[in-house]
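Colleague: In this note's numbering, the protein residues as written are 11 to 198. Even glycine gets a Cβ: it sits at the ideal position worked out from N, Cα and C.
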């Protein structure tokens with residue numbers, strides 16, 4: 011996708027937000043989150059951005075790093091946007107089992123950043139076993155639940171809540187929370 015250079019963005023124009031992924035769910039929830047948070051329209055586009063972490067990040071540190079890298083690498087690819095967003099889903103384990111979550115990282119053209127983590131939810135043992143065996147969560151979900159490309163649809167959260175909370179809704183709230191520093195510039 012070609013982007014036109016935006017050097018002097020006027021208030022009447024839609025600010026450009028680049029998402030470090032071509033996943034349509036991540037693009038749509040970013041647009042929804044920004045629109046709700048700022049009560050205005052944005053042009054939101056997705057680009058492939060390198061995360062610098064494994065396909066299935068484990069733990070907060072690795073998952074947050076993936077989100078941050080996606081935002082920073084999006085900025086390197088197209089520095090004329092207004093915001094760059096990285097979303098990275100991860101897993102971890104505790105004494106109750108394996109759980110899933112995501113980190114959101116937002117960067118603006120002034121170098122300000124915001125970050126937020128979604129809620130967590132536990133994965134079924136069958137899915138967790140496949141992930142422990144080296145399979146990415148989305149592929150494990152597809153196999154166990156007989157789906158195709160579920161991570162570009164409702165994702166694990168959508169499958170397990172029977173569509174009550176889909177992946178877009180799950181991310182949207184965390185995107186808005188990551189925007190808190192931009193919504194309150196006088197105190198951040």
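Report yes or no: do three or more beta-carbon pairs, one from the stretch 83–96 and one from the stretch 142–151, lie closer than 8 Å?
Modeller: no
Colleague: In angstroms with no decimal places, state the Cα-to-Cα distance between residue 82 and residue 117.
Modeller: 8 Å
Colleague: Please report the Cβ distance between residue 110 and residue 140, rounded to the nearest whole angstrom; I am assuming they are in contact, meaning their Cβ atoms lie under 8 Å.
Modeller: Actually they do not touch by this definition, with Cβ atoms about 13 Å apart.
Colleague: Taking the alpha-carbon positions, what's the residue 170 to residue 177 distance?
Modeller: 11 Å
Colleague: Kindly indicate which three-state DSSP category residue 143 falls into: helix, strand or coil?
Modeller: coil
Colleague: If we ignore side chains and look at the alpha-carbon of each, how far apart do residue 124 and residue 191 end up?
Modeller: 6 Å
Colleague: If I measure Cβ to Cβ from residue 66 and keep anything under 7 Å in the same chain, skipping five residues before and after, which residues do I get?
Modeller: 101, 141, 146, 147
Colleague: Can you tell me which of 33, 104, 34, 56 puts its alpha carbon nearest to the alpha carbon of residue 26?
Modeller: Among 33, 104, 34, 56, the Cα nearest to that of residue 26 is on 56.
Colleague: On the criterion of 16 or more Cβ atoms from any shown chain inside 10 Å, does residue 99 qualify as buried, or is it exposed?
Modeller: buried
Colleague: Could you spell out the range, first to last residue, of the beta strand (DSSP E) harbouring residue 48?
Modeller: Looking at the DSSP string, residue 48 is not in any beta strand (DSSP E); the run it does join, the alpha helix (DSSP H), is 34–48.
Colleague: Rounding to the nearest angstrom, what Cα-Cα distance links residue 189 and residue 149 in this structure?
Modeller: 30 Å
Colleague: Quick one: give me the first and last residue of the alpha helix (DSSP H) that residue 72 is part of.
Modeller: 69–87
Colleague: What three-state label does DSSP hand residue 96 in the structure shown?
Modeller: strand
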